[in-house]
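Below is one structure, written out as structure tokens, with a few remarks after it.
Numbering (the working numbering), first residue to last: 98 to 313.
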């Protein structure tokens, strides 16, 4: 299984037979949009910078609601959450997706706005091998909240997302270095993350900082 980062909250997750894309963005955000073939697209919420699937290619299935789904060997759990601290009254709902692909659980938190997860949400999410977590603040959680949620979910690998990038139009976002400082970690920088289930056994939690493919 391979994970590549386009930028913002958009990832390409590739298994042996299926390709999944999370929260695709439009060019108006200031990054090159993904124009790739895929089989599954997950959309955490329908704000303009997270749901631009029009540039993607292929006969893909869009999943944008809570529930359980199975598509040709890929199992996906969608968990209801909130885009703010007021149970969605300010910015609406957000769907967390925990994806089982190649025997690895990959959890994408979307634009989570809660400073911590409820016990029910943690239970519904279940096991997390790889956690894609927003760290830049601005309509979602920042470094301090991310640290709390990591403690709740106890992933083996953490991949930060939704942070400041030079060409990004949303310049108020915090830089990823602020999260690394808050967490007290030195990340491993990678072009892409390639994993097998056996790679996850008996390893300590680590942070992987992926290079953005959508950089202009």
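Where a beta carbon is used, it is the ideal one built from N, C-alpha and C, also for glycine.
Item: Per the DSSP calculation, residue 232 is bridged to which residue(s)?; Value: None, per the DSSP bridge assignment.
Item: Using the beta-carbon count (16 or more within 10 Å), is residue 263 buried or exposed?; Value: exposed
Item: Taking just the CA atoms, how far does residue 305 sit from residue 208?; Value: 19 Å
Item: Run through the segment 150 to 222 for me and flag every whole alpha helix (DSSP H) of 4 or more residues, listed as ranges in chain order.; Value: 216 to 222
Item: Could you check which residue in 107, 145, 136 has the C-alpha nearest to that of residue 171?; Value: 136
Item: In terms of DSSP beta bridges, what is residue 303 paired with?; Value: 254
Item: Spell out a yes or no on whether the segment 272 to 279 and the segment 108 to 119 are touching, meaning 3 or more CB-CB pairs, one atom from each, closer than 8 Å.; Value: no
Item: Taking residue 225 and residue 195 to be in contact with their CB atoms under 8 Å, please state how far apart those CB atoms are, rounded to whole angstroms.; Value: 7 Å
Item: Excluding the 5 residues flanking residue 243 on each side, which residues of the same chain have their C-beta closer than 8 Å to its C-beta?; Value: 230, 231, 232, 257, 276, 279, 280
Item: Are the CB atoms of residue 227 and residue 204 nearer to each other than 8 Å?; Value: yes
Item: State the Cα-Cα distance for the pair residue 240 and residue 167, rounded to the nearest angstrom.; Value: 33 Å
Item: Between residue 288 and the rest of its own chain, which residues show a CB-CB distance below 6 Å, the 5 nearest in sequence each way excluded?; Value: 308
Item: Quick one: grab the DSSP three-state call for residue 128.; Value: coil
Item: Can you tell me which residues form a DSSP beta bridge with residue 82?; Value: Coverage of the chain is limited to positions 98 through 313, which leaves residue 82 absent and any answer about it impossible.
Item: What residue range does the beta strand (DSSP E) around residue 288 cover?; Value: Careful: residue 288 lies outside any beta strand (DSSP E) and carries neither H nor E.
Item: With DSSP as the reference, label residue 316 as helix, strand or coil.; Value: An answer regarding residue 316 cannot be provided, because it is not within the stretch 98 to 313 covered by the chain.
Item: By DSSP, does residue 279 sit in helix, in strand, or in coil?; Value: helix
Item: Alpha carbon to alpha carbon, how far is residue 158 from residue 122?; Value: 17 Å
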